[in-house]
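> The following block contains the structure, expressed as structure tokens.
Chains as they are written, first to last, in this note's numbering: chain A, 2 to 570; chain B, 2 to 570.
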């Protein structure tokens with residue numbers, strides 16, 4: 002008897018597991034059901050379809066070589082039977098059947114299985130605020146919704162849009178609407194920063210600044226109270242702080258894993274709804290696998306169960322499940338949490354824990370920021386990379402790294418290297434100092450920015466200097482009347498003197514002159530130093546400390562960081 | 002008494018160690034000697050100075066913030082005494098002094114040390130062929146030589162140049178001369194491929210093809226016999242196979258580590274001349290450190306002593322030495338061998354062992370090649386990445402990875418991730434299948450090319466299909482009269498039919514039609530399948546194998562690979 006494989010869920014993980022299994026075990030009868038019409042599409046591409054960068058919706062449903070991945074394709078090319086518009090109602094684990102309903106005919110049927118895969122995904126968290134059911138209130142979780150959003154934009158009648166939630170999808174949607182359609186976009190985020198959990202407060206402010214520079218309003222620590230409409234369509238978003246006119250509202254306030262079917266069947270499900278699986282992607286029933294956006298997997302850094310709903314995770318897990326369905330022994334040991342997002346000018350990318358998240362997890366964590374060019378400084382084409390390294394003060398263990406850059410790929414290169422070290426080692430600050438990244442002047446600096454951020458962290462951990470963030474530096478500057486701090490700009494004279502001309506308390510003392518002009522620097526006041534990236538300021542700090550100045554701090558990332566934060570003296 | 006630190010060698014490692022030590026131990030008396038005038042320059046930038054991309058030689062001698070790193074800079078800004086034009090003649094380890102000679106005055110002097118650092122670098126291997134001392138026969142190992150080369154180009158009298166050696170510097174020089182100055186360049190390489198040791202034969206042929214497409218002649222397995230001149234300047238290079246007119250010859254035939262001073266002092270020196278150091282970068286004398294291009298360090302993959310003369314290695318090692326000079330406990334555990342080079346259109350990058358090198362080291366190694374887009378296939382901006390993964394058949398251990406791409410940074414991102422895994426783990430093929438690289442459509446594919454190459458390798462190791470390289474496929478095609486192979490082009494019909502129109506034995510059978518047209522495919526002949534990247538061909542292989550075809554092979558990397566190799570049907 003051929004083995005019967007039943008897969009519930011037809012996007013990303015489901016098709017990947019189905020095809021992998023069928024390749025390894027050609028005799029298996031593999032059936033995939035999905036309650037929607039469209040299956041096996043690139044869901045992560047929806048913001049780029051909305052923007053128009055992806056021209057047709059079918060581009061998201063096609064293979065790299067342009068063949069539409071519809072049920073007929075799976076039948077003829079992959080030998081996989083697809084039943085779309087078919088909903089799974091319940092699992093009978095003892096009888097090894099799944100009760101399904103054809104959503105067109107209404108007919109119900111029991112489908113038998115030897116092995117079952119739950120690839121049920123997640124649904125958008127749609128806060129039950131009044132008005133959430135008005136027309137043009139959508140999420141970016143289905144192709145049909147992406148089409149509705151783009152069509153709404155194409156009418157030209159959407160001039161204002163509100164995005165509820167400042168996570169990855171919310172921000173990608175904001176870029177699509179503002180950059181490509183010229184819509185006035187407002188982002189309303191409940192937490193006190195955008196990309197909470199993914200970015201530190203500092204980097205979160207840089208991301209918000211990037212949005213604002215592109216004309217997008219970002220409202221954090223703000224809640225949507227209700228939506229109001231005209232003729233059944235949304236016309237206004239009311240928050241706890243303001244009213245925002247909007248002809249389109251996109252909810253991107255996170256996901257809820259679809260774990261109810263598993264829970265009803267008595268499988269282990271985490272409190273937040275995600276299905277619990279082991280390293281082989283098996284649920285608490287060894288004949289039932291699960292993966293993708295509906296499962297909880299181990300965070301390799303904390304060792305605790307976690308959740309990372311990303312298309313890339315689903316694809317890699319899908320292959321593991323496919324192998325194991327066919328009797329193989331593949332495993333998926335967990336995740337470190339690596340991600341990337343392209344905003345307007347800047348891209349952001351990270352892995353592991355942010356400093357705030359690390360502290361919540363109980364680590365005595367600090368983070369250190371640097372800004373440095375991604376290539377040899379003498380090479381003509383180059384970009385400034387900002388990195389923030391998160392470490393445990395106790396033992397110098399690296400817990401995460403996040404950053405920003407105009408060139409997202411250059412940033413990704415640094416993050417992915419640390420991610421690999423986190424995934425397959427337990428790197429310390431010294432390991433990242435020695436990280437052997439590929440070097441030649443068109444690719445990196447001889448001391449690459451990823452090495453530098455570790456070197457600076459080593460200096461901070463050793464107490465060699467006191468760093469402050471760009472935000473903290475500018476707060477000190479704002480309160481200069483109270484704190485009596487003496488401010489030094491260590492950049493070449495031209496840059497510093499331009500600011501000093503406006504603010505006499507901003508003292509331009511270039512690094513080259515720090516020793517000869519030390520008489521100008523009071524010894525009985527704290528000193529705060531800034532330069533372009535932090536490099537010259539560090540040398541100034543050392544010179545002052547050697548000369549007996551006790552209370553000196555250095556702005557990490559310098560004016561580059563301050564600029565990205567949207568601040569200025 | 003302040004500690005006396007003496008450093009011999011003023012480029013990359015020497016200054017880095019000096020400054021790091023002085024920062025940590027401000028009271029130390031740090032002296033750096035160098036026999037040349039210029040110190041602390043970006044040697045790796047010389048090809049870009051020759052090309053003109055770096056406009057002035059001082060750009061290579063300056064900090065990122067534009068300050069010239071001359072002896073006065075080190076004295077005033079770093080507190081380090083520099084004595085240039087000063088040669089170290091011998092080390093008296095018992096008396097802890099170094100005998101030096103001022104090359105201007107001729108005076109000799111003994112300099113005392115508590116700790117000594119050997120940063121003596123390496124010299125260009127200059128084969129002692131007749132004529133090697135003619136004018137305009139140079140190497141790219143000193144700023145002065147780079148200036149001479151550029152000046153020679155600026156005269157307009159250099160229309161033909163020969164580069165002896167197809168390693169990194171030779172190729173970078175070729176790009177500089179051909180691309181920027183329009184010089185007719187010939188590369189003469191003794192080995193049977195360029196970038197031997199760094200690239201496999203397959204990738205080496207792609208690199209040569211990239212050079213040839215730009216008008217550069219590449220002669221491999223060829224030796225320079227003598228140089229001939231006119232009026233004291235070179236005019237011709239005579240090899241064992243041909244004569245090449247040349248008004249400029251650059252020797253880039255590798256390096257010889259400068260270990261003689263150490264050897265004469267009785268320190269452990271490897272047979273090939275490099276100084277032996279431990280993980281703290283100490284030589285066999287605990288008061289003498291060494292690092293950079295003059296030392297042998299441990300290859301983390303093979304566990305054997307090795308040699309990797311790169312500016313990035315020198316910088317990272319310099320910091321370790323600086324820390325240890327000041328009483329710290331830093332270590333440098335070795336190298337995996339990560340590098341990058343930008344040629345004409347393509348960049349190449351790699352880490353670890355090539356398949357040929359791995360076999361020489363005794364591994365039962367195979368390599369698997371793929372070509373895949375670096376981003377989501379539906380995302381508008383994207384580049385084809387070629388990767389070759391090298392693994393030990395015995396246990397699936399990953400030994401190295403190399404690749405090529407139009408976008409060098411996208412390639413670097415993949416290589417650096419694997420490099421980090423190699424440096425801090427002992428990754429298997431499955432680990433690279435699960436490598437968690439940052440994903441979003443503008444950054445990667447959901448199943449990234451680095452995951453894909455591991456997935457394909459897994460399939461090869463499991464015997465699921467027989468791969469051939471693009472070179473092997475085209476050899477089979479050339480010999481189609483003898484081998485009776487049935488050739489299938491599985492690309493969409495338009496592409497395959499264009500070739501078939503010219504060559505009727507090239508059968509265009511698109512993947513979509515493979516099942517319905519199986520009657521056209523003979524069962525009693527071997528079958529070789531090619532497509533654009535290898536993906537469609539793999540599905541065809543499975544379909545044919547399921548239908549009972551026993552002898553089917555698949556061209557890895559497909560026509561993308563064949564094209565990069567400079568081949569065509």
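We put the CB at the ideal spot given by N, CA and C, even for glycine.
#1: Output, in chain order, the set of chain B residues within a Cβ distance shorter than 8 Å of residue 46(A).
#2: So, using beta-carbon positions, are residue 417(B) and residue 418(A) closer together than 8 Å?
#3: Along the chain, where does the beta strand (DSSP E) that runs through residue 532(B) open and close?
#4: With a threshold of 6 Å on Cβ separation, who are the neighbours of residue 47(A) within its own chain once the five nearest residues in sequence on each side are excluded?
#5: Would residue 373(B) and residue 470(B) qualify as a contact pair, given that the criterion is a beta-carbon distance under 8 Å?
#6: My output table needs one value for residue 195(A): the three-state DSSP class, helix, strand or coil.
#7: By the 9 Å beta-carbon criterion, what residues does the segment 405-424 of chain B contribute toward chain A?
#8: Please tell me whether residue 294(A) has its Cβ less than 8 Å away from any Cβ of chain B.
#9: Below 7 Å on C-beta distance, what does residue 323(A) contact in chain B?
#10: Report yes or no: do three or more beta-carbon pairs, one from the segment 199-211 of chain A and one from the segment 83-99 of chain A, lie closer than 8 Å?
#11: Using a Cβ-Cβ cut-off of less than 7 Å, list which residues of the segment 51-66 of chain B approach chain A; keep chain order.
#12: Write down the C-beta distance between residue 420(A) and residue 256(A) rounded to the nearest angstrom, noting that I regard them as a contact closer than 8 Å.
#13: Give, in chain order, every residue of the segment 535-548 of chain B whose Cβ lies closer than 8 Å to some Cβ of chain A.
#14: Is it buried or exposed, residue 468(A), if we count other Cβ atoms within 10 angstroms and call 16 or more buried?
#15: Taking C-beta pairs closer than 8 Å, name the residues in chain A that residue 449(B) reaches, listed in chain order.
#16: Going by the CB atoms, is the gap between residue 362(A) and residue 303(A) shorter than 8 Å?
#17: Secondary structure at residue 373(A), three-state DSSP: helix, strand or coil?
#18: My guess is that residue 159(A) and residue 184(A) are in contact by the Cβ rule of under 8 Å, so how many angstroms apart are they, rounded?
#19: Taking Cβ-Cβ distances below 9 Å as the criterion, which residues of the segment 340-362 of chain A are in contact with chain B?
#20: Applying the 10 Å Cβ sphere with the 16-neighbour rule, what's the burial state of residue 508(A)?
#21: Report the start-end ranges of each beta strand (DSSP E) in the segment 428-474 of chain B that is 3 residues or longer and not cut off at the edges.
#22: Compute the distance between the beta-carbons of residue 171(B) and residue 164(B), then report whether it is under 8 Å.
#23: Per DSSP, which one or two residues make a beta bridge with residue 561(A)?
#24: My guess is that residue 409(B) and residue 348(B) are in contact by the Cβ rule of under 8 Å, so how many angstroms apart are they, rounded?
#25: With 8 Å set as the bound, which would you pick, yes or no: does the beta-carbon of residue 434(A) sit closer than that to a beta-carbon of chain B?
#26: According to DSSP, which residues form a beta bridge with residue 328(A)?
#27: Could you please give me the residues that DSSP links to residue 385(A) through a beta bridge?
#28: How many angstroms separate the CA atom of residue 127(A) from the CA atom of residue 297(A)?
#29: With the cut-off set at 8 Å, would you say residue 570(B) and residue 500(B) are in Cβ contact?
#30: Tell me whether the beta-carbon of residue 526(B) lies closer than 8 Å to the beta-carbon of residue 443(B).
#31: Closer than 7 Å by C-beta to residue 475(A): which residues in its own chain qualify, once you throw out the five before and the five after it? Chain order, please.
#32: For residue 533(B), which residues of its own chain have a beta-carbon under 7 Å away from its beta-carbon, when the five flanking residues on both sides are left out?
#33: With a threshold of 7 Å on Cβ separation, who are the neighbours of residue 1(A) within its own chain once the five nearest residues in sequence on each side are excluded?
#34: Using a beta-carbon distance cut-off of less than 7 Å, what residues from the segment 239-252 of chain A approach chain B?
#35: Between residue 18(A) and residue 322(A), is the Cβ-Cβ spacing less than 8 Å?
#36: For the alpha helix (DSSP H) holding residue 409(B), just list the boundary residues, first then last.
Reading from the atomic positions:
#1: By 1-based counting over the first chain, the position of residue 46(A) is 45. Simply 377, 379, 380 and 442.
#2: Residue numbering aside, residue 417(B) sits at position 416 when the second chain is read from its first letter. Residue numbering aside, residue 418(A) sits at position 417 when the first chain is read from its first letter. Yes. Within cutoff.
#3: On the second chain, residue 532(B) is found 531 positions in, with the first residue counted as 1. No beta strand (DSSP E) contains residue 532(B), which DSSP labels as neither H nor E.
#4: Mapped onto the first chain, residue 47(A) falls at position 46. Cβ within range, chain order: 141 and 147.
#5: On the second chain, position 372 is the one that residue 373(B) refers to. On the second chain, position 469 is the one that residue 470(B) refers to. No. Outside cutoff.
#6: The residue you call residue 195(A) lines up with position 194 of the first chain. Here residue 195(A) sits in coil by DSSP.
#7: 408, 409, 410, 411, 412, 413, 414, 415, 416, 417, 418, 419, 420, 421, 422, 423 and 424
#8: Position 293 of the first chain, counted from the start, is the residue given in the question as residue 294(A). It does not: the Cβ of residue 294(A) has no partner Cβ on chain B nearer than 8 Å.
#9: On the first chain, residue 323(A) is found 322 positions in, with the first residue counted as 1. Within 7 Å Cβ-Cβ: nothing; residue 323(A) doesn't reach chain B, min ~11 Å.
#10: no
#11: Listed by position, the residues of the segment 51-66 of chain B near chain A (Cβ gap below 7 Å) are 54, 55, 60, 61, 65 and 66.
#12: The residue you call residue 420(A) lines up with position 419 of the first chain. The residue you call residue 256(A) lines up with position 255 of the first chain. The Cβ separation is near 22 Å, so there is no contact.
#13: 536, 537, 540, 543 and 547
#14: Counted from its first residue, the first chain places residue 468(A) at position 467. Classification of residue 468(A): buried, given that the 10 Å Cβ count is 16 or more.
#15: For the purposes of this step, residue 449(B) is identified with residue 448 of the second chain, where counting begins at 1. Ordered by position in chain A, the residues that pass the 8 Å Cβ test against residue 449(B) are 313.
#16: Translated into positions along the first chain, residue 303(A) becomes position 302. Translated into positions along the first chain, residue 362(A) becomes position 361. Their beta carbons are under 8 Å apart, which means residue 303(A) touches residue 362(A) by this criterion.
#17: Translated into the one-based positions of the first chain, residue 373(A) becomes position 372. Here residue 373(A) sits in strand by DSSP.
#18: For this step, residue 159(A) is matched to residue 158 along the first chain. For this step, residue 184(A) is matched to residue 183 along the first chain. The pair is a contact, with the Cβ atoms about 6 Å apart (cut-off 8 Å).
#19: 340, 341, 342, 343, 348, 350, 351 and 352
#20: As a first step, residue 508(A) is located in the first chain; it is residue number 507 there, counting from the start. So residue 508(A) counts as buried.
#21: You should have 467-469.
#22: Locating residue 171(B) in the second chain gives position 170, where the first residue counts as 1. Locating residue 164(B) in the second chain gives position 163, where the first residue counts as 1. For residue 171(B) and residue 164(B), yes; Cβs fall inside 8 Å.
#23: If you number the first chain from 1, residue 561(A) lands on position 560. According to DSSP, residue 561(A) bridges with nothing at all.
#24: Translated into the one-based positions of the second chain, residue 409(B) becomes position 408. Translated into the one-based positions of the second chain, residue 348(B) becomes position 347. About 3 Å separates the beta carbon of residue 409(B) from that of residue 348(B), a gap short enough to meet the 8 Å contact definition.
#25: For the purposes of this step, residue 434(A) is taken as residue 433 along the first chain, with counting starting at 1. By this cut-off, residue 434(A) is an interface position.
#26: Your numbering for residue 328(A) matches position 327 in the first chain. DSSP output for residue 328(A) lists no bridge partner at all.
#27: As a position in the first chain, residue 385(A) is number 384, starting the count at 1. Looking at the DSSP assignment, residue 385(A) forms a beta bridge with 374(A).
#28: Walking along the first chain from the start, residue 127(A) turns up at place 126. Walking along the first chain from the start, residue 297(A) turns up at place 296. About 21 Å.
#29: Start at 1 with the first residue of the second chain, and residue 570(B) comes out as number 569. Start at 1 with the first residue of the second chain, and residue 500(B) comes out as number 499. Their beta carbons are under 8 Å apart, which means residue 570(B) touches residue 500(B) by this criterion.
#30: In the second chain, the residue the question calls residue 526(B) occupies position 525. In the second chain, the residue the question calls residue 443(B) occupies position 442. Not a contact, by the Cβ cut-off of 8 Å.
#31: Within the first chain, numbered from 1, the residue matching residue 475(A) stands at position 474. Contacts found: 563 and 568.
#32: If you number the second chain from 1, residue 533(B) lands on position 532. Closer than 7 Å at the Cβ level, and outside the excluded window around residue 533(B), lie 492, 559, 560 and 561.
#33: As displayed, chain A neither begins before 2 nor continues past 570, which places residue 1(A) out of reach and without an answer.
#34: none
#35: Along the first chain, read from residue 1 onward, the residue named residue 18(A) stands at position 17. Along the first chain, read from residue 1 onward, the residue named residue 322(A) stands at position 321. With contacts defined as CB atoms closer than 8 Å, residue 18(A) and residue 322(A) qualify as a contacting pair.
#36: Residue numbering aside, residue 409(B) sits at position 408 when the second chain is read from its first letter. Note, residue 409(B): alpha helix (DSSP H), 409-425.
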